[in-house]
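Beneath this line is the structure, given in structure tokens, with notes to follow.
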Amino acid sequence: MDCSRLRTLVHRFCAGEENWVDSRTIYVGHREPPPGAEAYIPQRYPDNRIVSSKYTFWNFIPKNLFEQFRRIANFYFLIIFLVQLIIDTPTSPVTSGLPLFFVITVTAIKQGYEDWLRHKADNAMNQCPVHFIQHSKLVRKQSRKLRVGDIVMVKEDETFPCDLIFLSSNRADGTCHVTTASLDGESSHKTHYAVQDTKGFRTEEEIGGLQATIECEQPQPDLYKFVGRINIYSDLSDPVVRPLGSENLLLRGATLKNTEKIFGVAIYTGMETKMALNYQSKSQKRSAVEKSMNVFLIVYLCILVSKALVNTVLKYVWQSEPSRDEPWYNQKTQSERQRNLFLRAFTDFLAFMVLFNYIIPVSMYVTVEMQKFLGSYFITWDEDMFDAETGEGPLVNTSDLNEELGQVEYVFTDKTGTLTENNMEFKECCIEGHVYVPHVICNGQVLPDSSGIDMIDSSPSVSGREREELFFRALCLCHTVQVKDDDDVDGPRKSPDSGKSCVYISSSPDEVALVEGVQRLGFTFLRLKDNYMELLNRESDVERFELLEILSFDSVRRRMSVIVKSATGDIYLFCKGADSSIFPRVIEGKVEQIRARVERNAVEGLRTLCVAYKKLNPEEYEGVGKLLQAAKVALQDREKKLAEAYEQIERDLVLLGATAVEDRLQEKAADTIEALQKAGIKVWVLTGDKMETAAATCYACRLFRRSTQLLELTTKRLEEQSLHDVLFELSKTVLRHSGSLTRDPFSGLSTDGQDYGLIIDGAALSLVLKPREEGSSGNYRELFLEICRNCSAVLCCRMAPLQKAQIVKLIKFSKEHPITLAIGDGANDVSMILEAHVGIGVIGKEGRQAARNSDYAIPKFKHLKKMLLVHGHFYYIRIAELVQYFFYKNVCFIFPQFLYQFFCGFSQQTLYDTAYLTLYNITFTSLPILLYSLMEQHVSADALKRDPVLYRDIAKNALLRWRVFIYWTFLGVFDALVFFFGAYFMFENTTVTSNGQIMTTSTHMIFGNWTFGTLVFTVMVFTVTLKLALDTHYWTWVNHFVIWGSLLFYVVFSLLWGGVIWPFLSYQRMYYVFLHMLCSGPAWLAVLLLVTVGLLPDVLKKVLCRQLWPTATERIQNASVRCWDGIPGFTPLEPLHSLGHRSPGALAARTTRAVYRSQEYCVLAPGLALPHGCCHSSWRHGRRTSRPGTPV
């Protein structure tokens, strides 16, 4: 045995805090430094495995059993089963043990299968091959085997397997380009830089000979922060120390682009990588329906205890007379007389608990599990949610939250890649009042690429032409775009001078769109080489500009500038930025005309930038250079000094024009958000983008309307006012109108035309969530939440991944406890996806981390509309009916047993046979409600999509409120009274025949306790099954087969169970009982009469409520019924006849899939609709081929 391995494991799991340090030292390539170096502190690092699964092979059984027995019903039936094993009870332990075993087994199989899929996905990632350097040679091994200190080689378009320090690349300048779409939601290229002293290493031998150590901070989740240093040792001198920052760090999940290969050393692996640290820990999500079920179970458990206690007390009251306690035919033994009274009472109490335990429907849980598991396939089968462009369909990672899709009150959505396609498109530019649009169609002719179209004034003058060319040069020079230097990009690459085949990359997709747009207008950026920028003008001449300085963009300045020197020696400062940042610094130009155009484009949701310039003479540039150099070399307050220098340089500008770029929304994204708001769902956008960009997108997707007044809680405003003052000012603004405006209680939209939209950034959110130091008055959270409640929409920008989760958590645990849904497409969205009640991943361009860690995955944002408004609505309606129906039918089942004790001296005699007790919930009444909960459609899918207001009928758990629960319970009690006393009065007068049998004097029917119980049971089975038939709106041949088949099965089973002598039974008390009952005409009459009386109250209630207080859903149902009245020749079974020529297998498959394909409705009036066939000529020969909501 390997003892060293054992010691390592013991040390890893038993190490105390004395071994914990706030930094780590890493040996590059596992090579020790030369003698005399600082001593190395031993540390243990995890391997590179990523784990998203919940179970392992060893802990599945105990952990799954623990989670299942946390459910009240499962734990209760376990106790009942143990009681039945220990003491003498009136029923067999099989009656409780068998259903419990069935429930536990089915649930374990379902959850085990889902976790196996997660294991499969983890293994695919962990077993991905990677290349690393070992003994100066390239070796290949699995990703999970990587260790901290390994030197890894990554090739172009590969994903980094762990967090790496960038050592070298094949590029001479020691740079590489990466996309971090799966981390921060940005698919643009970012430039990273190798360590200065190692960037020249090109071969495995050179890298393998590197002797260095890295000192860095311990893992922390901030994607944009890293602090460390590298010590490079050589034989001839002291170690060279170089600082390391975020520009040297390559993160797991990012993808290498435009670089052939790179070498890096692993510093964080596995669950310590920044990507993994931004994942929230997995927790068991429970739906609101399941929580309601647990509460209802507690109520029924209290009812059960009360019943058992009352019967125990009444039993001893009844037996207080000796003649009743010890009748002559049932004398007690001496040991029974000497038994302790309290022990006997407790035993009797447990026996009554066992007798009445069927009021707790344990089979409800297995039915719910089956309904969720099978019902989830309807999402994956939905052809409307399949995206032909990507070839992807919806995925269901967990089926436990299906009904939660119908209860969503808040949707938190990412922006880039979720609402938008993340593809920027240059739309137009405005130069001194003249608008230029590439590829403009004028009088049926497509203008050439280099042409513009005058939209405002006449054609520009000579001086205007100069400004026009200066504007185009500014766009070609004022950026950080680089040219992809591959030899083959979509075919052979043309020479750079042609300017037609350049592929641009940049950290900002806006910059790429601008450079590509101005290329279509005649000016092409060619390359940046040796600090010279080259561009191709309209005359196909190459112009060279020396790049002197770059004044980088930041979110506070909201602009960037470059200082360039032309071939003629002229020095220009070109500046571009937001209009609010450029206009105050302009002293010349057609400001008003350009401002009007910018405002018009902003209203249309376009991203706008203004462009300005100024010319510098050599003396001015010399002063600028000294000012910038002094700020750059400062060690203290460097950022502040740079900002002051930029402020002095970027002034007295000449305005050239403005640009408009469109970040194209995903198809039907605006329609989806509008439908969600109509459904009463509040939509929040959480993004890492800057405020202006995000706000423009919110206008484009109609989250913000033109009438929306925007309220800002941003860093810029907090620099002018304190947080306290800003919050109270915003609160006064929104609350001043809240009393006078008519506001929608669900969506928060004002019906009087004035709405508020809140914009908050990450820094301001941190201050809001930070507890107040004085502590006495709490914090600002409640005030912030009150402002948000009165806003129709909220935009959160500059959000880190964990801040997104904090926002979701803040709303999730507010006093209303709303149901939240988070949707995103990148790894930066995983935290909020896991935090929300329901997490949805978009299968997009930004990797599959979000889809893999979500509860559901969809190809496009537009599919969220159908998932919530249709699937969510149906799921909730079905499972709410399932839960209430189970409680109802179990009250009907067990309350006659309770009444029977008053007529049998509280002797714990069962009313029903053991077979009936065991099979009532498992077979006789299980399939109809299961099929109902899978296929019911109370209105058509098209009606739900067309009228989102119907979603509000089920909002806030409307169908599982106490009022509805009490109604179903009392309905069950009423029906139980009808069953029991209806049969009792039928058998009220009896006589004894010559052979000792008891016969009713009025009906001459053989009577006994089993006949009485069988009659009650028969009426009950027919009543609860027909009750479900009355509630069914969507009839197919499957429903007919199951409902009528269940009743037929009960009759056939009863005939066989009592009509055959079974050799494996020691006694057969039901022999010939059911057949005798059927031979009596009055028994048939009693069944018909009692079933009718039992169903009558529910029918009357439905009729009255539909006529007097109809919901929006019921109005559509009534309109549909009125439309079909008077149509000759229609029967509910007509779809079966119309499909009769098909094979049974094809018919079944087509019927199952057709559940979600319903006929269109044409709107007659608000809230009313009619089937498509009533408005269009779809009738032939007096008959319609199909019925709305019926499979075709």
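Residues 5 to 1196 (our numbering) are what the sequence shown spells out, left to right.
We treat Cβ as the ideally placed atom computed from N, Cα and C, and that holds for glycine.
Please determine, among the options, the residue with the shortest C-alpha to C-alpha distance to residue i.
{"i": "residue 140", "options": "229, 972 and 157", "result": "157"}
{"i": "residue 386", "options": "875, 209, 947 and 355", "result": "875"}
{"i": "residue 856", "options": "147, 402 and 986", "result": "402"}
{"i": "residue 816", "options": "526, 1089 and 289", "result": "289"}
{"i": "residue 579", "options": "219, 480, 58 and 868", "result": "480"}
{"i": "residue 575", "options": "597, 622, 598 and 562", "result": "622"}
{"i": "residue 469", "options": "660, 573, 348 and 509", "result": "660"}
{"i": "residue 2", "options": "714, 89, 424 and 414", "result": "As shown, the chain starts at 5 and ends at 1196. That puts residue 2 outside it, with no answer to give."}
{"i": "residue 774", "options": "766, 784 and 412", "result": "784"}
{"i": "residue 658", "options": "664, 548 and 591", "result": "591"}
{"i": "residue 806", "options": "282, 1045 and 439", "result": "282"}
{"i": "residue 978", "options": "899, 825, 133 and 1053", "result": "899"}
{"i": "residue 634", "options": "620, 619 and 650", "result": "650"}
{"i": "residue 269", "options": "121, 420 and 170", "result": "170"}
{"i": "residue 414", "options": "1100, 796 and 1036", "result": "796"}
Please state if the CB of residue j and the CB of residue i are separated by a distance shorter than 8 Å.
{"i": "residue 842", "j": "residue 854", "result": "no"}
{"i": "residue 923", "j": "residue 901", "result": "no"}
{"i": "residue 866", "j": "residue 686", "result": "no"}
{"i": "residue 408", "j": "residue 292", "result": "yes"}
{"i": "residue 514", "j": "residue 691", "result": "no"}
{"i": "residue 551", "j": "residue 537", "result": "yes"}
{"i": "residue 164", "j": "residue 258", "result": "yes"}
{"i": "residue 271", "j": "residue 187", "result": "no"}
{"i": "residue 198", "j": "residue 173", "result": "yes"}
{"i": "residue 613", "j": "residue 582", "result": "yes"}
{"i": "residue 799", "j": "residue 702", "result": "yes"}
{"i": "residue 130", "j": "residue 147", "result": "yes"}
{"i": "residue 1056", "j": "residue 932", "result": "no"}
{"i": "residue 987", "j": "residue 1090", "result": "yes"}
Given residue i, which residues of its chain have a CB within under 7 Å of its CB, disregarding the five upstream and five downstream residues?
{"i": "residue 74", "result": "none"}
{"i": "residue 243", "result": "235, 236 and 237"}
Based on the DSSP secondary-structure assignment, which residues constitute the bridge partners of residue i?
{"i": "residue 592", "result": "658"}
{"i": "residue 688", "result": "416 and 798"}
{"i": "residue 551", "result": "568"}
{"i": "residue 157", "result": "135 and 267"}
Cα separation between residue i and residue j?
{"i": "residue 942", "j": "residue 1025", "result": "24 Å"}
{"i": "residue 518", "j": "residue 245", "result": "41 Å"}
{"i": "residue 630", "j": "residue 529", "result": "29 Å"}
{"i": "residue 358", "j": "residue 1058", "result": "24 Å"}
{"i": "residue 1034", "j": "residue 1102", "result": "9 Å"}
{"i": "residue 790", "j": "residue 734", "result": "10 Å"}
{"i": "residue 398", "j": "residue 963", "result": "28 Å"}
{"i": "residue 436", "j": "residue 545", "result": "25 Å"}
{"i": "residue 821", "j": "residue 431", "result": "44 Å"}
{"i": "residue 366", "j": "residue 70", "result": "17 Å"}
{"i": "residue 27", "j": "residue 219", "result": "7 Å"}
{"i": "residue 920", "j": "residue 381", "result": "33 Å"}
{"i": "residue 940", "j": "residue 411", "result": "18 Å"}
{"i": "residue 1083", "j": "residue 1076", "result": "11 Å"}
{"i": "residue 478", "j": "residue 617", "result": "8 Å"}
Once the 5 residues before and after residue i are set aside, which same chain residues still bring their CB inside 8 Å of it?
{"i": "residue 273", "result": "49, 50, 51, 52, 150, 151, 152, 166 and 167"}
{"i": "residue 652", "result": "631"}
If I measure Cβ to Cβ from residue i and keep anything under 6 Å in the same chain, skipping five residues before and after, which residues do I get?
{"i": "residue 503", "result": "Because residue 503 carries a pLDDT of 42, less than 50, the predicted location of this residue cannot be relied on, and no value is offered for it."}
{"i": "residue 253", "result": "230"}
{"i": "residue 78", "result": "72"}
{"i": "residue 11", "result": "At residue 11 the pLDDT is 41, less than 50, meaning the model places this residue with poor confidence; the figure from the coordinates comes in the next sentence. There are no such residues."}
{"i": "residue 890", "result": "365 and 368"}
{"i": "residue 628", "result": "653"}
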